[in-house]
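Trainee:
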Amino acid sequence: MTDKHDETTETASSGYQTPHPEGISIVLAGGAGHGIQSIEAILVNVLKKDGYHVFATKEYMSRIRGGVNSTQIRVSEKPVRSYVEGTDIFIPLDQASYERCKKNLKSTTAVLADASKLQAPNTIDIPFEKVASESGNPLFANTVSAGVICGILDVSQEILYEYITTVFSKKGDDVVNGNIKAAQSGYLTGSQLKQSVRLTFNTIKKNKPTQSLLLSGTEAVTFGALAGGCDSCFAYPMTPSTGVFTQMASFAERAGVAVEQVEDEIGVVNMALGAWYAGARPLVSTSGGGFALMTEGISLAGMIESPLVIHLAQRPGPATGLPTRTEQGDLNLALYAGHGVFPRIILAPGDTEQAFELSAQAFTLADQYQVPVFILTDQYFVDTYYDIPQIRTENIKTERFITETTKDYKRYTLTEDGFSPRGIPGFGSGLVCTDSDEHDQSARITEELDDIALEMKNKRYKKFDSVKENALPPVLIGEENYSRLIVGWGSVYNTVIEAMSIIDNSQTAFLFFPQLYPIHHSASELLQKASTVIAVENNQTAQFAQLLTKETGVGIDCKILKYNGMPFSVEEVAEALNQG
Amino acid sequence: MDSTFEYKTDIAWCQGCGNFGLRKIVINALEELEIEKEKLVFVSGIGQAAKSPQYLDVNYFNGLHGRALPPAAGIKAANPNLIVVVESGDGDMYGEGGNHFIHAIRRNPDITVIVHNNMVYGLTKGQASPTTPKGMKTPVQTSGVFEEPINPLAMAISLDASFVARGSVGEFKLTKDIIKKAITHRGFSLVDVFQACVTFNKINTHAWFKKNTYSLDDSHDPTDRNKAFELSLQSSPWPLGIFYKNEHKPIFEEELAVYRNGDKTPLYKRTRDPKIIDSLLQQKI
Ligand SMILES: Cc1ncc(C[n+]2csc(CCOP(=O)(O)OP(=O)(O)O)c2C)c(N)n1
Ligand code: SF4
């Protein structure tokens, strides 16, 4: 790690505005119910408040109790936004956790474990549970471990205890005081450890604390949707998309959102279409299995030319797949869902700021073009969080594209560009009719095959032009005069950027696509300029690379793929790029 | 008949089909209720019955087979001031849409659901529907239907639906009055209407319905759920009228956070102060 660290400092000074693989990585692992989530929350919040940049991502098994859940926390002086394999401090809370995570240990990793709980070589014994019991309750063991980390990292004790107080205040004074005591003991152990044992990771400096935000992918999508004027949310629970739904429900009162858990995903999408028809701006959140059920509704949106916004948080399939793991495997599903031909827009944010912006934009695009818009994320993306600067909301203006109707209003009026003004029932003196059968301008069923039916088909096809014309361009990161071009989408964004900063990256650039479909016209030229094009995708067949080739005619020379349910690590991508 | 709700066009139904009679009944009911046309939305699925809104001069959302109820609830969520009437067939509502039917009753949006119950699939040419009587032979059920038919009224009453009634196209006034009451009733109203498919159902004809039905008299108390359930199990003769009413159920759209304070402003008319998002974001610092 130290060697790599020196290397990066050099490459980073050569012009990259990128996160930096310095800092340290802490992995905490335990069974579900061990309180791994709460140690994560304490550490991330306290470290951030104390001026560090932080990142956290979790990996969990599909069960409510037991199994092994782990969380990785990165702490640094510079922003850190991606998952790394290297572990500097490892705290396994039981034997199973140790066994599961030990493959990522380096010779320099400090393993802090309770020897009475597990047997592992080269560990530093810390009797977490005994210390916890002395503070009042063996259940405070997780707070002890949070204290140890804070002691090692010299975190302000004041911030630590203040945070603990707020978190536990609802549970009463005894719990607050017990946890503070537990954290204090842990803190002391951590400070002593730092002095007595040679901990080999780099020391990191704090910055001046700022009012930055800690936002997960889930939260960014939810806030973005609200900023885009989302006023309703329909869903049926499915990991990992449920977070957006629950987050939205928690804001329902204050932000004015109509939230309903529908009987199934077929109902979800149809309810959303009904709501859009009557002028609302609903968000639908789902994962692969649920999205599969929505296919007929997507087709309906195409025929009735309705706006629709669907957040699709991907997880591995087919079928129920690996419910709590990650994959970018549903692009083709989103791309081809629905029979017949009709335009659609597929967006895929790479980081939380983009998730906020694109989720807001999805509503404008859907409304403006009267097409389904998909926001593709994945489990890794929605469950990951890190600090970002404040999001500006004061300039947000919700643009609506509905028309007040007149008596002679026809929903499917033929126009030059294929877009008919969209009226809604009750707004104006006209009637708003819509039909899933082929129809004429006033939505009456037609079988005039060579006349109006064909004109309607052409009208819907015509809309592709504007949708394509206004596609979001890909973003070029790195060397302008590249010969090697990495292409990627969604959650590989930060990982690729960080990997580029630790390799010899001269003549290498990264072309990131925030919009996957339609592809912006600039893509062909940008791809052609490269002598080698490398796709990095978290799926088995490089679905996006295939689409790129189909749309641009440019072949992809090399594919870096991962599909075991885990996200790419920075080291993995860097190594693959070094070989490629 | 010249009505503001009538849309004059070439109608794709067979001559003598019960759909015509029900269309007339619905138009008359709307007429008598003096509904403001702009506020009225018809929602339907797919089938011969589901084409009904096509032949009315109203706002309509003619969606997918079996999927009339979710958009209807979505419309109420978006704008509770709209009067929403769902019109569909027995196959659409109780077959493909069965799950939505159950859950829409539980959800209880203020909508009226009129089901054209001709006990057969019309549009796909005569296969059995969930209400086809046992023994009827069809091109698919070649030895006759062996499955127990669905009893939509019993099902709705068992789920404590807010308003449950049965009409028949042969009983013009009765059915029109039921539909009027259903539309003015607050909550989910089911009106199952017996009607003949003259082309594919040679058993349950206009004459058969006349002969095998009778009207409930005033002595029936529709708030008596047990009695209503008992009546719903009766067949040959089949009772017609309002079986059951529960006026005390919470209404879906009124329970949504946005309308809970009684403000019924439709969502499209509301704007959100970005400061609210700011203040929610502040919790993430
Ligand atoms: C998803 C789907 N499956 C099947 C069909 C074909 N389909 C059209 S109408 C219909 C049955 C309609 O029966 P019913 O609701 O009883 O209406 P009726 O035609 O008798 O009035 C079917 C199966 C379809 N349109 N969509
Ligand atoms: S097939 Fe039956 S339901 Fe359809 S129009 Fe003809 S008679 Fe009516």
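Protein chains in written order, with the numbering used here: chain A, 1 to 580; chain B, 1 to 285. Here a beta-carbon is modelled for each residue, glycine too, at the ideal position from N, C-alpha and C.
(1) With 8 Å as the threshold, decide whether the Cβ of F291 (chain A) is near any Cβ in chain B.
(2) Alpha carbon to alpha carbon, what distance is there between V573 (chain A) and I486 (chain A)?
(3) With which residues is C558 (chain A) paired in a DSSP beta bridge?
(4) Give the interface partners of A228 (chain B) over in chain A, defined as CB-CB distance under 8 Å, in chain order.
(5) Does DSSP put V244 (chain A) in a helix, in a strand, or in coil?
(6) List the residues of chain A that F349 (chain B) touches, going by C-beta distances under 7 Å, in chain order.
(7) If P266 (chain B) and G279 (chain A) are in contact, beta carbons under 8 Å, what's the gap, nearest whole angstrom?
(8) Does the region 455 to 463 of chain A touch the region 418 to 428 of chain A, meaning 3 or more C-beta pairs lie closer than 8 Å?
(9) So for I111 (chain B), helix, strand or coil by DSSP?
(10) Is I298 (chain A) close to chain B, meaning its C-beta is less than 8 Å from at least one C-beta of that chain?
(11) Assuming L322 (chain A) and G67 (chain A) make a contact with CB atoms under 8 Å, what is their CB distance in whole Å?
(12) Assuming R315 (chain A) contacts S287 (chain A) (C-beta within less than 8 Å), just tell me the rounded distance between them.
(13) Going by DSSP, what residues sit across from V475 (chain A) in a beta bridge?
(14) Mind listing which residues of the region 74 to 106 of chain B have their C-beta closer than 7 Å to chain A's C-betas, in chain order?
(15) Taking only three categories from DSSP, how would you classify S250 (chain A)?
(16) Please look up how many angstroms separate the CB atoms of V111 (chain A) and I124 (chain A), rounded, as I've assumed it's under 8 Å.
(17) How long is the line joining the alpha carbons of V169 (chain B) and K24 (chain B), rounded to whole angstroms?
(18) Sorted by chain position, which residues of the same chain lie with C-beta nearer than 8 Å to A154 (chain B)'s C-beta, five sequence neighbours on each side aside?
(19) Regarding N118 (chain B) and ligand 1, is the C-beta to nearest heavy atom distance less than 7 Å?
(20) With DSSP as the reference, label R422 (chain A) as helix, strand or coil.
(21) Enumerate in chain order the residues of its own chain whose CB-to-CB distance from G15 (chain A) is below 8 Å, with the five nearest sequence positions on each side excluded.
(22) Rounding to the nearest angstrom, what Cα-Cα distance links A542 (chain A) and F146 (chain B) in this structure?
(23) Is the Cβ of P349 (chain A) closer than 8 Å to any Cβ of chain B?
(24) At least one CB of chain B closer than 8 Å to the CB of T11 (chain A): is that the case?
(25) How many whole angstroms separate the CB atoms of S216 (chain A) and D383 (chain A), which I take to be in contact at a CB cut-off of 8 Å?
(26) With distance defined between alpha-carbon atoms, name the residue in A:I452, A:K457 and A:A225 nearest to S399 (chain A).
(27) How about I75 (chain B) and G274 (chain A): do their beta carbons lie closer than 8 Å?
(28) Using alpha carbons as the reference points, say which of B:V58, B:N204 and B:S219 lies closest to T213 (chain B).
(29) Shorter than 7 Å, the distance from the beta carbon of Q54 (chain B) to the closest heavy atom of ligand 2, or not?
(30) In terms of residue numbering, what span does the alpha helix (DSSP H) encompassing L69 (chain B) cover?
(31) From which residue to which residue does the beta strand (DSSP E) around K495 (chain A) run?
(32) Could you give the DSSP three-state label for G89 (chain B): helix, strand or coil?
(33) Does any residue of chain A bring its CB to less than 8 Å from the CB of Q48 (chain B)?
(34) R645 (chain A) versus chain B: which residues are under 9 Å apart at the beta carbon?
(35) Say the cut is 7 Å; is the CB of V432 (chain A) nearer than that to a heavy atom of ligand 2?
(36) Report all residues from its chain with a CB closer than 7 Å to the CB of S530 (chain A); omit the five preceding and five following residues, and keep chain order.
Mentor: In terms of the structure at hand:
(1) With 8 Å as the cut-off, F291 (chain A) does not count as an interface residue toward chain B.
(2) Those two C-alpha atoms are separated by around 11 Å.
(3) Among the bridge pairs identified by DSSP, C558 (chain A) is matched with A:I534.
(4) Result: empty, since nearest Cβ-Cβ is about 25 Å, beyond 8 Å.
(5) In the structure shown, V244 (chain A) sits in a helix (DSSP, three-state: H, G or I).
(6) Absent from the structure is residue 349 (chain B), since the part of chain B shown begins at 1 and ends at 285.
(7) Under the criterion of beta carbons closer than 8 Å, P266 (chain B) and G279 (chain A) qualify as touching, at roughly 6 Å.
(8) Touching, yes, given that three or more Cβ pairs across the two stretches are closer than 8 Å.
(9) Strand.
(10) Closer than 8 Å: no.
(11) Going by Cβ atoms, the distance from L322 (chain A) to G67 (chain A) rounds to 13 Å, so no, they are not a contact pair.
(12) At roughly 5 Å, the Cβ-Cβ gap stays under 8 Å, so R315 (chain A) and S287 (chain A) are in contact.
(13) V475 (chain A) is bridged by DSSP to A:F512.
(14) Those residues of the region 74 to 106 of chain B that come within reach of chain A (Cβ to Cβ, closer than 7 Å) are G74, I75, A77, A78, N79, N81, L82, N99, H100 and H103.
(15) Shown here, S250 (chain A) sits in a helix according to DSSP, grouped into three states.
(16) Rounded, the Cβ-Cβ distance is 7 Å, consistent with contact.
(17) Rounded to whole angstroms, V169 (chain B) and K24 (chain B) show a C-alpha spacing of 9 Å.
(18) If the five residues before and after A154 (chain B) are omitted, its C-beta is found closer than 8 Å to the C-beta atoms of F229, S232 and L233, all from its own chain and listed in chain order.
(19) Within the cutoff, so yes.
(20) Strand, per DSSP.
(21) Note that G15 (chain A) scores 30 on pLDDT, short of 50, meaning its location in the model is unreliable; the coordinates nonetheless yield the value given after this. In its chain, beyond the 5 residues on either side, no residue has a beta carbon closer than 8 Å to the beta carbon of G15 (chain A).
(22) C-alpha separation (whole angstroms): 50 Å.
(23) No, its Cβ sits nowhere closer than 8 Å to a Cβ of chain B.
(24) Interpretation of T11 (chain A) is limited by its pLDDT of 29, a score under 50 that renders its predicted location unreliable; the figure taken from the coordinates is listed afterwards. Not a single CB atom of chain B sits nearer than 8 Å to the CB of T11 (chain A).
(25) Contact between S216 (chain A) and D383 (chain A) holds, since their C-beta atoms are separated by about 7 Å, short of 8 Å.
(26) The question names Ser, but residue 399 (chain A) in the sequence shown is Glu. Of A:I452, A:K457 and A:A225, the residue nearest in Cα terms is A:A225.
(27) Between I75 (chain B) and G274 (chain A), the C-beta spacing is below 8 Å.
(28) When only C-alpha atoms are compared, the closest one is B:N204.
(29) Set against 7 Å, the gap from the CB of Q54 (chain B) to the closest heavy atom of ligand 2 is not smaller.
(30) Start and end: L69 to A78.
(31) Reading off the sequence shown, one finds Thr at residue 495 (chain A), where the question assumed Lys. Not the beta strand (DSSP E): T495 (chain A) falls in the alpha helix (DSSP H), residues Y493 to S501.
(32) Collapsing the DSSP output to three states places G89 (chain B) in a strand.
(33) It does not; no Cβ of chain A falls within 8 Å.
(34) Outside the shown range of chain A (1 to 580) lies residue 645 (chain A), about which nothing can therefore be said.
(35) Result no, Cβ not under 7 Å from ligand 2.
(36) A quick correction: the sequence has Ala, not Ser, at residue 530 (chain A). Cβ within range, chain order: Y482, S483, R484 and L485.
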